[in-house]
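So for the sequence shown, this note's numbering puts the first residue at 1422; every next one is plus one.
Just so you know, even glycine gets a beta-carbon here, dropped at the ideal spot from N, CA and C.
Accompanying notes for the structure given below.
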Amino acid sequence: MDPLDNLSLLAITGRTLALCTTSLILALGLGIPLGIWLGGRRFPGRRALLGIVNSGMGAPPVVVGLLVAQLFYRNGPLGDLELWYSTQAMVTAQVLIALPLVVALVVAAVASLDEDWALQVRTLGISPLWRNWLLLREIRLGLLAAVIAALGGILSEVGAVMQTGGNLEGETRVLTTAILMYTRMGLFESAYALAAVLLGLMLTLAGLLTWVQYGEKR
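Set out below in structure tokens:
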């Protein structure tokens, strides 16, 4: 294979950003409501659910990738969908990796609220929609932490996306899988170019979110 060219670099970077954005939106869309529910409710089995969430935070991504790959494999339960080695399978794996991080951080943020906060909000006589909006504002720093953690887990993942996407040129090749491929081929200049882009993206996004986070504290 030829060394990396500029067009390929742009295509791989764009695909990485598109997949990460999709996975992040889905993980937040599922994780925030679930985290609020677990953090603000007391019910039988809650501790067991929290244990599952905490265990999910430490689950090896390669195991998650294995489970998703088997799910979409041609002879698997969802094989008829023909999504093995597809961006949809990659997004599924990334969401499963990021979801426990989002849920756990949102649960912690909700649990840290003053016990009288919910009572005070109820006395205002506002609608549930506005109560939820006030809650999101109150835990916004925890939400930012969840975004940073989820983004880091999604953007840096290689094992699960390799298992579910296959690193297909022009289809499922992203920055992390391309770095691994070029390293195996001994094309270190191309691998370092991709690594520089990946690090630049992570530092830029993390820096932006951190700036917003510290801005909220002022």
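Would Ser1444 and Val1512 qualify as a contact pair, given that the criterion is a beta-carbon distance under 7 Å?
Yes, they are a contact pair.
In angstroms, rounded to a whole number, what distance separates the CA positions of Met1602 and Thr1585?
Distance between the alpha carbons of Met1602 and Thr1585: 15 Å.
Residue from Trp1554, Val1489 and Leu1431 whose Cα sits closest to the Cα of Pro1454:
Across the set Trp1554, Val1489 and Leu1431, the C-alpha of Trp1554 shows the shortest separation from the C-alpha of Pro1454.
Quick check on DSSP: helix, strand or coil for Glu1559?
Note: Glu1559 maps to helix in three-state DSSP.
Residue interval of the alpha helix (DSSP H) (run including Pro1521)
Element bounds for Pro1521: Thr1508 to Ala1532.
Run the CB neighbour count on Ser1611, radius 10 Å, all protein chains shown included, and call it buried at 16 or more, exposed below.
Counting the other Cβ atoms within 10 Å of the Cβ of Ser1611 gives 16 or more, which makes it buried.
Closer than 8 Å is the cut-off here; do at least three beta carbon pairs connect the region 1564-1573 with the region 1518-1531?
Contact between the region 1564-1573 and the region 1518-1531 is present, because at least three Cβ pairs lie under 8 Å.
Can you tell me whether Val1484 is buried or exposed, with buried defined as 16 or more other CB within 10 angstroms of its CB?
Exposed.
Is the separation between the beta-carbon of Leu1626 and that of Val1516 shorter than 7 Å?
In this structure, the beta-carbon distance from Leu1626 to Val1516 does not fall below 7 Å.
Local Cβ density within 10 Å of Ile1600, reported as buried at 16 or more and exposed below that:
Looking at its Cβ environment, which holds 16 or more other Cβ atoms inside 10 Å, Ile1600 is buried.
Could you check which residue in Ala1510, Leu1624, Pro1521 and Asn1588 has the C-alpha nearest to that of Gly1450?
When each option's Cα is compared against that of Gly1450, the closest is Pro1521.
Under the three-state reduction of DSSP, which class applies to Leu1440: helix, strand or coil?
The answer is helix: DSSP assigns Leu1440 an H, G or I state.
Considering only the alpha carbon of each residue, which of Gly1546, Gln1509 and Leu1624 lies closest to Tyr1494?
Measuring from the Cα of Tyr1494, the nearest candidate turns out to be Gln1509.
So, helix, strand or coil for Tyr1494, using DSSP?
In the structure shown, Tyr1494 sits in coil (DSSP, three-state: anything other than H, G, I, E or B).
Residue range of the unbroken alpha helix (DSSP H) whose run includes Ile1473
Its alpha helix (DSSP H) spans residues Arg1467 to Met1478.
Tell me the rounded alpha-carbon separation between Val1542 and Ala1514.
Taking the straight line from one Cα to the other gives about 38 Å.
Going residue by residue through the region 1552-1616, where are the continuous alpha helix (DSSP H) segments of at least 4 residues, counting only ones entirely within it?
The qualifying runs are 1561-1576, 1580-1586 and 1596-1605.
Close beta carbons around Gly1452, own chain, < 6 Å, minus the five adjacent residues each side
Cβ-Cβ distances below 6 Å link Gly1452 to Leu1520, Val1523 and Val1524 in the same chain, with the five nearest sequence neighbours on each side left out; the list follows chain order.
Give the DSSP-derived three-state secondary structure of Gly1486 in the structure shown.
If DSSP states are grouped into helix, strand and coil, Gly1486 belongs with the helices.
For Thr1597 and Val1579, which I take to be in contact (beta-carbon distance under 8 Å), what is that distance rounded to the nearest angstrom?
About 4 Å separates the two Cβ atoms, so the contact holds.
Integer-rounded CB distance, given that Gly1477 should sit under 8 Å from Val1531
With 8 Å as the limit, Val1531 and Gly1477 do not qualify as a contact, their Cβ atoms being about 18 Å apart.
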